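S.K.:
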Amino acid sequence: MSHTTKGYLLAFAGVVIFGLTLPFTRIAVAELPPVFVGLGRAIVAAVIAGIMLSVTRSPSPVRRDLLKLLLAGFGIVIGFPLFSAIAMQTAPASHGGVVLGILPLATAAAAIAFAGENPSRKFWAWAIAGSAAVVVFALLNAGGGEFYGADLWLLGSIIAAAVGYAISGDLTRRLGGWQVISWCLLVMVPIIILPVAFTLPEVNWNASASAWLAFAYVAVFSQFLGFFFWNNGMALAGVARAGQVQLLQIFVTLAGSWALLGETVTAVTFGFALIVAFCVWMGRKA
Numbered sequence: 000m001s002h003t004t005k006g007y008l009l010a011f012a013g014v015v016i017f018g019l020t021l022p023f024t025r026i027a028v029a030e031l032p033p034v035f036v037g038l039g040r041a042i043v044a045a046v047i048a049g050i051m052l053s054v055t056r057s058p059s060p061v062r063r064d065l066l067k068l069l070l071a072g073f074g075i076v077i078g079f080p081l082f083s084a085i086a087m088q089t090a091p092a093s094h095g096g097v098v099l100g101i102l103p104l105a106t107a108a109a110a111i112a113f114a115g116e117n118p119s120r121k122f123w124a125w126a127i128a129g130s131a132a133v134v135v136f137a138l139l140n141a142g143g144g145e146f147y148g149a150d151l152w153l154l155g156s157i158i159a160a161a162v163g164y165a166i167s168g169d170l171t172r173r174l175g176g177w178q179v180i181s182w183c184l185l186v187m188v189p190i191i192i193l194p195v196a197f198t199l200p201e202v203n204w205n206a207s208a209s210a211w212l213a214f215a216y217v218a219v220f221s222q223f224l225g226f227f228f229w230n231n232g233m234a235l236a237g238v239a240r241a242g243q244v245q246l247l248q249i250f251v252t253l254a255g256s257w258a259l260l261g262e263t264v265t266a267v268t269f270g271f272a273l274i275v276a277f278c279v280w281m282g283r284k285a
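Counting in numbering that gives the first Met the number 0, the sequence shown runs without a single skipped number right up to 285 at its last residue.
1) Any chance you could list the alpha helix (DSSP H) runs of at least 4 consecutive residues sitting entirely within the segment 125 to 185, in chain order?
2) For T171 and T4, what's the separation of their Cα atoms in angstroms?
3) What number of angstroms, rounded off, separates the C-alpha of V238 from the C-alpha of S167?
4) At the level of alpha carbons, what is the spacing between G142 and H94?
5) If you pair each beta-carbon of the segment 221 to 231 with each one of the segment 6 to 15, do three or more pairs fall below 8 Å?
6) Run through DSSP, which three-state label would T89 get?
7) What is the C-beta distance between L99 and L153, in whole angstroms, given that I count them as a contact (C-beta under 8 Å)?
8) Take V217 and list the residues in its own chain whose beta-carbon comes closer than 8 Å to its own, dropping the five residues that flank it on each side.
9) Hey, could you find the ends of the alpha helix (DSSP H) T4 is sitting in?
10) Any idea if A112 is buried or exposed, counting beta-carbon neighbours within 10 angstroms, 16 or more meaning buried?
11) Would you kindly check if the distance between the Cβ of I42 and the Cβ of I192 is under 8 Å?
12) In angstroms, rounded to a whole number, what distance separates the CA positions of L31 and A161?
13) Ignoring anything shorter than 4 residues or poking outside the segment 181 to 257, list the alpha helix (DSSP H) runs there in chain order.
14) Can you give me the Cβ contacts of V133 inside the same chain, cut-off strictly under 8 Å, excluding the 5 residues immediately before and after it?
15) Using only alpha-carbon positions, find the residue among Y164, F277, F214 that is nearest to F73.
Spelled out as C-alpha cells, the structure:
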C-alpha cells in the first residue's frame, strides 16, 4: 500500500469521526451552554493529551513550532468548536453538514498558504467540481435554498478549521499526528480556561444522559482521537489531497442527523454521494 493510499484511508477514518460532530454538538447544546460545549470539550481532551504526553515522555516542541501550534490551536481548538456549537443552537445539523461541504476547498487553499503545497490544475478542477456538487445538493435537498443566521458562524468555523488543518498537517510531518493535536490542546488551555470557568454556573449538571454522552463524544473523539487519523492522513497524502476526502463528510453528518436526531435525509443523498466520491477519486489521481 502506497503512502498516499494509506493517507487517504487514515483521512477517511478521521472524516467518519468528524462527520458525527455536528449531530452530537446539536444534542449537547440543546441542554448545555454553547461556550461550555465548544471550549469545555478541549479541556477534557487536554487532560487526556497531557497524560499521554507524560506517559510516553514525548519531547516538548521546539520554540519555532510554538507559534504554529498556537495558530493551529486557534483554528481547531477554539474557532471551529466554538463557532459550530453556536451555530448548532439554531441550524439543523444536516444543514450545517451541507454548509461545511466547502471546507475541503478552503483546506486546499490553506494548504498553499500554510503548508507550501501546490496542487495541479486538474486537482483544482476536481476539487471545485466536488464542492459545486455539494453546493447544488445543499440547494436541492438539505437546505432547500434557505439560509440561516447561523451560516455566518459556520463560515467562521470553515475558515478556522481550514487554517488549523493546514498547519497541523504540516507540523505532523515532524512531530507526529497525535502529538500535534496534544500540544495544540495544551498550549490553548491557558486561553480557554477562564471562558469555560465563567460558564460553569450556567451548566445544567442535571442534563440528560444523552447530552452528556454527546459532550463526551465531541471531547474525546472529535477533539482528540479523530486527529490521530486525520493529521497522519494529511501528512502522508498531502493536506490538499487528504482534505478532499472531507467532501464525503457531509454524508456521514446527514446519516448521523437522521439516526441521532430524526432529521430527514432523502434518496437524492445517495446519488450525490456517488458524484462526490467520484470527484474525490479523480482528484486523488490528478
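We treat Cβ as the ideally placed atom computed from N, Cα and C, and that holds for glycine. Note that this is a predicted model, so its numbers are computed, not measured.
M.R.: Working from what's here:
1) 149 to 174
2) 17 Å
3) 9 Å
4) Bear in mind that a pLDDT of 48 at G142, under 50, signals an unreliable position, so the model cannot answer this.
5) The segment 221 to 231 vs the segment 6 to 15: in contact.
6) coil
7) Contact flag correct, Cβ pair sits at about 7 Å.
8) T20, F23, T24, A27, V36, R40, P80
9) 2 to 18
10) exposed
11) yes
12) So the two alpha carbons sit approximately 27 Å from each other.
13) 208 to 216, 225 to 236, 238 to 242
14) V97, G100, I101, L246, I249, F271, V275
15) For F73, the closest alpha carbon among the candidates Y164, F277, F214 is that of Y164.
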